[in-house]
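**Q** One structure, as structure tokens, below. Some questions next.
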DNA sequence: TTTATTGTCTTATGCACCTAAGACAATATC
DNA sequence: GATATTGTCTTAGGTGCATAAGACAATAAA
């Protein structure tokens, strides 16, 4: 997968978030085998301890299942995945509106401006 | 002003952003006198060196003007303030849509979901 | 049974940031 | 002219994170 790391924040939460998004977006399917810590660390260009931390958190989230010597797999619990996806979306929307309001826009203005951007640029650009 | 500091990121950029938002939102008017570093630091509950760093950055942004012994004031350049406000809004919108897409939604879906939230909850709630 | 793989634990090192607090030059204020 | 204010610079110490790399138990694979 593609990594996008920002040195203004700690790395392990970013790894956690990005893997989480990949799972809820269906990039990794429920039940899929998952790369080893060492491989994934190398792929992302981070130390294996850092990736280890992210994986442990994702296990705590219930998204990854660990089998001591046979590696990890994505959870089979599709309801959990959907629930997390919707929670992330909700937080994202609220955060967007909050920030626009802190700039001095109303929520309606914020939504209308976003609408205008999507109409101009199309769905898949950016 | 009200401070909202998060220990998952460095503090000085957060101070910078929050002061910047307060200025573009009109909470501080163009030409207004600005509190001293020491006062503002105490108000925010941070060390004065940390606040100093944020102020220096804001001066670099052109939003604050420093007079060595008489303190600081907000810039008179209303065009600059407006320009920064619009840039922040633009970035915010793009960021919102990017994140929703990374969760597996289309840009249109993202906007519609945001629309639904504002309709339900009203402008000034949260 | 032997070997390799995998997750995990541990110790050590370096770095960036925050805090703390002293000091000083420029200048507004009295 | 004396004093206080203000921004700024400096040194010191503590903390959390990332890196690096060795080690080990459990177990899959040969």
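Protein chains in written order, with my numbering: chain A, 205 to 330; chain B, 205 to 330. Beta carbons: idealized from backbone N, C-alpha and C, even for Gly.
Grouping DSSP H, G and I as helix and E and B as strand, with all else coil, what is residue 264/B?
**A** If DSSP states are grouped into helix, strand and coil, residue 264/B belongs with the helices.
**Q** Whole angstroms is fine: what's the gap from residue 213/B's alpha carbon to residue 213/A's?
**A** In a straight line, the C-alpha of residue 213/B is about 5 Å away from that of residue 213/A.
**Q** Can you look up residue 278/A in the DSSP assignment and give me helix, strand or coil?
**A** Reduced to three states, the DSSP call for residue 278/A is strand.
**Q** Check whether the segment 283-296 of chain A touches the segment 248-259 of chain A, taking contact to mean three or more Cβ pairs, one atom from each stretch, closer than 8 Å.
**A** Contact fails: fewer than three Cβ-Cβ distances are below 8 Å.
**Q** Do residue 261/B and residue 220/B have their C-beta atoms closer together than 8 Å?
**A** Taking 8 Å as the Cβ cut-off, residue 261/B and residue 220/B qualify as a contacting pair.
**Q** If you run the structure through DSSP and keep just helix, strand and coil, what is residue 272/B?
**A** Three-state result, residue 272/B: coil.
**Q** Helix, strand or coil for residue 229/A? Go by DSSP, reduced to three states.
**A** Coil.
**Q** Can you list the residues of chain A that residue 235/B reaches, using a CB-CB cut of under 9 Å?
**A** Residues of chain A passing the Cβ test: none, with the nearest at roughly 18 Å.
**Q** Could you confirm whether any beta carbon from chain A is found closer than 8 Å to the beta carbon of residue 309/B?
**A** Interface residue, yes.
**Q** When you compare each of 296/B, 268/B and 278/B to residue 307/A by their alpha carbons, which one comes out closest?
**A** Of the listed residues, the one whose Cα sits closest to residue 307/A is 296/B.
**Q** According to DSSP, residue 237/B sits in a beta bridge with which residue or residues?
**A** Answer is 277/B, bridged to residue 237/B.
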